[in-house]
Amino acid sequence: MMQQRLCRVTGFDPHPEAIAALAKRKSAQETYLPYAVGDGGEHVLNICRGIGFASLLQPHAKTLTHFPNFSELGRVINHLALRTKRLDEIDEIPAFDLLKIDIQGGELAVFQNGRRKLAAAVAIQTEVSFVPLYEKQPVFGDIDLELRSLGFVPHMFAAINKRMIAPMLGADPAAAINQLVEADVVYVRNFVEADTMQSEQLKHLALIAHHCYGSFDLALNCVHHLTSRGEIPPDSKNRYVGLLQAQRPKVAGARL
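Numbering-wise, the UniProt record's numbering puts 99 at position 99 of the sequence shown, and it's gapless, one number per residue.
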């Protein structure tokens with residue numbers, strides 16, 4: 001989408017080295033801001049041995065012992081005092097369509113302090129936790145209830161993170177059997193209530209569904225409603241299905 005100049009991406013990272021690295025390789029369609037998004041309060045970022053474990057929350061020592069290598073990866077090696085910014089108060093972003101978020105337990109605070117801007121969004125990809133790795137970390141049920149209250153419904157799992165339960169340990173410490181730890185879940189504005197969406201929201205949801213997630217059925221549903229409203233030509237549904245049949249073998253059997 002960026003290559004075709006169909007979108008812009010704005011990202012955030014409060015760590016000076018990380019934001020500098022992003023700035024060096026960004027394209028003209030990308031902007032990166034040195035903010036920590038949250039509840040607007042003063043916090044301390046716990047920088048851990050494992051780069052993916054950095055969080056405003058304190059790692060949960062007892063839980064980490066139950067997964068190979070997690071105690072070491074979650075060991076706090078530095079602290080960074082910072083002030084978070086509420087999503088609703090970030091003036092550089094007046095509106096957005098898709099929010100992708102993975103901030104190690106701070107997601108719920110972002111949603112609760114971004115309700116005004118999220119009212120215009122059509123999709124959210126968020127990390128959710130099934131086994132809280134941090135103290136007082138909201139879990140999947142908390143996130144699900146909040147996003148449903150904002151008019152979103154779960155659409156798909158973009159990624160599922162399973163881990164082996166200690167003391168079992170194989171040659172690969174990252175190997176898993178069945179235990180769910182985290183997942184990336186894509187939420188979309190409730191398509192059952194499409195009549196509550198503006199036409200521009202339907203257009204943007206169709207683009208995101210098609211390009212970001214290969215959710216051609218959701219995209220076609222948006223096209224259907226836009227056709228019914230007279231926003232796009234009446235033959236748009238057939239043209240879209242024809243495009244899919246020509247370019248996407250896995251949906252060659254798609255039909256209206």
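The beta-carbon is built from N, C-alpha and C at its ideal position, and this holds for glycine as well.
On the DSSP bridge list, what partners appear for residue i?
i, result
"residue 180", "162"
"residue 260", "Here the chain covers residues 1 to 256 and nothing more, so residue 260 does not appear."
"residue 187", "124 and 154"
"residue 93", "Beta-bridge pairing links residue 93 to no other residue."
How about residue i and residue j: are their beta carbons less than 8 angstroms apart?
i, j, result
"residue 44", "residue 59", "no"
"residue 106", "residue 150", "no"
"residue 110", "residue 155", "no"
"residue 52", "residue 133", "no"
"residue 61", "residue 98", "no"
"residue 158", "residue 186", "yes"
"residue 171", "residue 164", "no"
"residue 160", "residue 180", "yes"
"residue 113", "residue 148", "no"
"residue 166", "residue 104", "no"
"residue 184", "residue 125", "yes"
Compute the beta-carbon to beta-carbon distance between residue i and residue j, rounded to the nearest angstrom, for a pair I have assumed lies under 8 angstroms.
i, j, result
"residue 14", "residue 35", "6 angstroms"
"residue 226", "residue 202", "5 angstroms"
"residue 131", "residue 63", "6 angstroms"
"residue 220", "residue 192", "Their Cβ separation, rounded to whole angstroms, is 15 angstroms, which puts residue 220 and residue 192 out of contact at 8 angstroms."
"residue 30", "residue 9", "5 angstroms"
"residue 182", "residue 128", "7 angstroms"
When the Cα of residue i is compared with those of the options, which residue comes out closest?
i, options, result
"residue 152", "158, 49, 160 and 143", "143"
"residue 244", "228, 47, 226 and 214", "214"
"residue 40", "71, 82 and 33", "82"
"residue 119", "96, 22 and 5", "96"
Report the start-end ranges of each beta strand (DSSP E) in the segment 96–141 that is 3 residues or longer and not cut off at the edges.
98–101 and 123–129
Residue ranges of each alpha helix (DSSP H) within the segment 59–85, 4 or longer
61–64 and 70–73
Where are the alpha helix (DSSP H) runs, 4 residues long or more, that stay fully inside the segment 205–246, in chain order?
216–228
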